[in-house]
Every structure is written in structure tokens, then in C-alpha cells.
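Sequence positions in the sequence shown follow the numbering used here and run 23 to 148. Following: one structure in C-alpha cells, then a few remarks.
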Amino acid sequence: MPDITRRRALTAAAAVAATATAAATLAAPAASAAGHHMPTTPDSFDEVYKGRRIQGRPASGGGHHHEHGGGYEVLIDGVQLHLMQNADGSWISVVSHYDPVPTPRAAARAAVNELQGAPLLPFPAN
23 MPDITRRRAL TAAAAVAATA TAAATLAAPA ASAAGHHMPT TPDSFDEVYK GRRIQGRPAS
83 GGGHHHEHGG GYEVLIDGVQ LHLMQNADGS WISVVSHYDP VPTPRAAARA AVNELQGAPL
143 LPFPAN
């Protein structure tokens, strides 16, 4: 049996490491898909926040034909706040687009904070 040289040992270790990395890379999407779950519909809410009435509920199906909010609508003083749910489950609105929040209620509150008393204007649908 030939003696193992330092070069052969390092080559073998590099090959094992490369194989392990490749196996982990191939297994990651499968593990990710297995752990992925469909987001649940957020709870409905109806409250007064900083003097503004904010409401959230599952969308009734009418209105905008291209839903980004996952079938959920939020109203501020009766005007629809357009929402979008990100791939990570966070929510953004047309008012606070660069500040993701965990729930539609938090998006409504963030919008009220940003509006600083100004009315929410209807967003024109295409």
C-alpha cells in the first residue's frame, strides 16, 4: 500500500469538501420547499388610530383585478390603502413602500403616521 503524501491528502480533502458543498447546495431548495408554508390570512381589524379609522379584512373580490395584497384590503377613513405582501411575508403599502412591516394593521398604522393628518387620496387603478 503506497504511503499517502501530503499532496494526496489535501487533494482528497478538497474533493470531499467540494462534494459536500455541492450536496448541500442541491439539498437546500428541497429543504426550503419542505419548510415553506402558505401564509395565513391576517385577522380582521377595525380601530381608531391617532384619530383615523383604520380597517382591515379579507378582500371581497370586487375592485382591483391584480391583487398584490393576497386578497386582503385595508381602509383608512374609508379609502383603500393599496398593500402588497412581500415574499418573506412582510407587508408594504403605497404610502410606506420602503418600510416593510409584519402585518396589514402595522401597514395601516405606518401609513397614518406618514400621512401626518393629510387625507389618503384614492389610488387610480389601471
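In this text, a Cβ means the ideal position worked out from N, Cα and C, and glycines have one as well.
Check	Outcome
A133 versus T62: straight-line alpha-carbon distance, rounded	23 Å
Exposed unless 16 or more other CB atoms sit within 10 angstroms - verdict on L143	exposed
Same chain only: Cβ atoms within 7 Å of N108, ignoring 5 sequence neighbours per side	I114 and P122
Opening and closing residue of the alpha helix (DSSP H) in which V116 lies	Note, V116: premise wrong, no alpha helix (DSSP H); not H, not E.
Beta bridge counterpart(s) of R75 as assigned by DSSP	V70
The beta strand (DSSP E) enclosing L137, as first and last residue numbers	Looking at the DSSP string, L137 is not in any beta strand (DSSP E); the run it does join, the alpha helix (DSSP H), is P126 to L137.
Residues that DSSP places opposite L97 in a beta bridge	Q77 and Q102
Identity of the residue in T33, V70 and N135 nearest Y117 by Cα	Note that residue 117 is Val in the sequence shown, not Tyr. Of T33, V70 and N135, the residue nearest in Cα terms is N135.
For K72, the nearest candidate out of F145, G139 and P146 (CA to CA)	G139
Neighbourhood of T125 by C-beta distance below 6 Å, restricted to the same chain and skipping five residues each side	P64
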